Amino acid sequence: KGARRPKSKFAGSLEVSWQVHIACPVRDDRDLHNLTEAETVRARPRLLADLTRLSYAAAACEIVDRLSLDHEPNRRLYLCLTGVLGGIEEVASEQLEALFWYFQLRVAEALGYRPELANCANCGTLLPAEAAWFSPGLGGGVCRDCGRQDAAEQDGQGAPDYLRARKISADSLRLLVLLRGDPGGTTTATG
6 KGARRPKSKF AGSLEVSWQV HIACPVRDDR DLHNLTEAET VRARPRLLAD
56 LTRLSYAAAA CEIVDRLSLD HEPNRRLYLC LTGVLGGIEE VASEQLEALF
106 WYFQLRVAEA LGYRPELANC ANCGTLLPAE AAWFSPGLGG GVCRDCGRQD
156 AAEQDGQGAP DYLRARKISA DSLRLLVLLR GDPGGTTTAT G
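Note that my numbering has the sequence shown beginning at 6, numbered continuously upward.
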């Protein structure tokens with residue numbers, strides 16, 4: 006309440022993407038709480054000076070905000086967020102999109118939704134080195150038969166487009182494996 010006013014004692018420490026230690030007493034009878042202390046832990050002025058970087062940082066913060074529960078600390082999500090914010094600040098502009106995809110995979114993993122990339126997420130068969138399918142609804146890569154079946158079922162049920170299985174290239178599958186950070190990768194996807 007009033008923290009963003011120009012004369013506020015917090016005005017210099019509350020910027021998008023900055024790490025801040027705050028004190029905010031929580032009262033059960035209120036939805037909005039008063040900020041009593043704010044101390045900047047890590048400022049990121051480079052993000053504020055570059056609109057593209059700021060957009061990626063704001064999107065990362067929004068993802069974590071929407072996927073986290075109020076009053077429920079999640080250290081893994083916090084580490085994902087602080088890591089990507091540091092990366093957004095440091096990497097070359099042409100690497101921002103790949104970094105953002107990497108961050109999203111890490112967030113999914115932190116929440117228990119690690120995509121299966123070595124075997125078909127539906128039937129368990131080893132995925133081929135050539136083109137495969139990817140099904141968000143089934144939780145990862147799927148073989149050709151399961152991918153076609155899933156796509157047909159999703160179409161028949163009127164499921165949202167983002168849940169439908171899609172054919173992906175071997176390069177896309179390899180990139181997903183690399184972004185996910187498997188130490189050994191998958192036997193077939195990495196060649």
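Here a beta-carbon is modelled for each residue, glycine too, at the ideal position from N, C-alpha and C.
These numbers come from a predicted model, not from an experiment.
Note down the Cα distance separating residue i from residue j, rounded to an integer number of angstroms.
{"i": "residue 152", "j": "residue 115", "result": "26 Å"}
{"i": "residue 144", "j": "residue 118", "result": "7 Å"}
{"i": "residue 170", "j": "residue 162", "result": "13 Å"}
{"i": "residue 137", "j": "residue 121", "result": "12 Å"}
{"i": "residue 98", "j": "residue 89", "result": "14 Å"}
{"i": "residue 63", "j": "residue 103", "result": "16 Å"}
Between which two residues does the beta strand (DSSP E) holding residue i run?
{"i": "residue 25", "result": "24 to 28"}
{"i": "residue 43", "result": "42 to 47"}
By Cβ distance, which residues of its chain are closer than 6 Å to residue i, with the 5 residues on each side in sequence left out?
{"i": "residue 47", "result": "24"}
{"i": "residue 29", "result": "38 and 40"}
Counting only the same chain and skipping the five closest in sequence on each side, list residues whose C-beta sits under 7 Å from that of residue i.
{"i": "residue 73", "result": "79 and 82"}
Note down, in chain order, each residue of its chain lying with its Cβ closer than 8 Å to the Cβ of residue i, except the 5 sequence neighbours on either side.
{"i": "residue 59", "result": "21, 22, 52 and 53"}
Could you tell me which residues DSSP pairs with residue i in its beta bridges?
{"i": "residue 173", "result": "137"}
{"i": "residue 131", "result": "124"}
Could you check where the alpha helix (DSSP H) with residue i kicks off and where it finishes?
{"i": "residue 69", "result": "56 to 72"}
{"i": "residue 152", "result": "149 to 162"}
{"i": "residue 118", "result": "Looking at the DSSP string, residue 118 is not in any alpha helix (DSSP H), and its letter there is neither H nor E."}
{"i": "residue 88", "result": "80 to 95"}
Quick test of your reading: residue i and residue j, contact by CB under 8 Å. State the CB separation rounded to the nearest angstrom.
{"i": "residue 112", "j": "residue 85", "result": "5 Å"}
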